[in-house]
Amino acid sequence: MGEPMKFGETEVTPYSRSTTVLIPGDAGGLVWSRPGGVIVKQSDGTEVDLLIRDATRIAQITLLAIGLLGGLTAWLFLGRKN
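Quick look at the structure:
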């Protein structure tokens, strides 16, 4: 959770999601943080969770899928020469 910010009567708190991969027997690892969303608290006590879409992650997965499909297609059509 991030630091809450006040805008008039509204309080907004950002948060992120992370994936951690630790290497056994080593002091290092991998941490992948990505935006999660914001929690908005109104003065009347209502609380809303607004999710943030990670457009970069969606683009990376799309490009990876296109590359895999292109490689598979090329292997099927060009790799089977007699």
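Numbering (our numbering), first residue to last: -18 to 63. Where is the CB? At the ideal position from N, CA and C, for every residue including glycine. Here the structure is a predicted model, which is why all the values come from computation and not from measurement.
Element boundaries [alpha helix (DSSP H), containing residue i]
i: G48; result: 36 to 59
Start and end residues, beta strand (DSSP E) containing residue i
i: I(-1); result: Before going further, note that residue -1 is Ser rather than Ile in the sequence given. Taken as a continuous stretch (DSSP letters only), the beta strand (DSSP E) holding S(-1) covers -9 to 3.
i: D7; result: Run containing D7: none; DSSP gives neither H nor E here.
i: D30; result: 28 to 32
Coarse secondary structure for residue i, derived from DSSP in three states
i: G17; result: strand
i: G(-17); result: coil
Contact belief for residue i with residue j at Cβ below 8 Å, rounded distance in angstroms
i: V12; j: T1; result: 5 Å
i: S14; j: S(-1); result: 4 Å
i: G(-17); j: Y(-4); result: 6 Å
i: T(-9); j: K22; result: 7 Å
Would the segment 12 to 21 count as touching the segment 41 to 50 if we require 3 or more Cβ pairs under 8 Å? no
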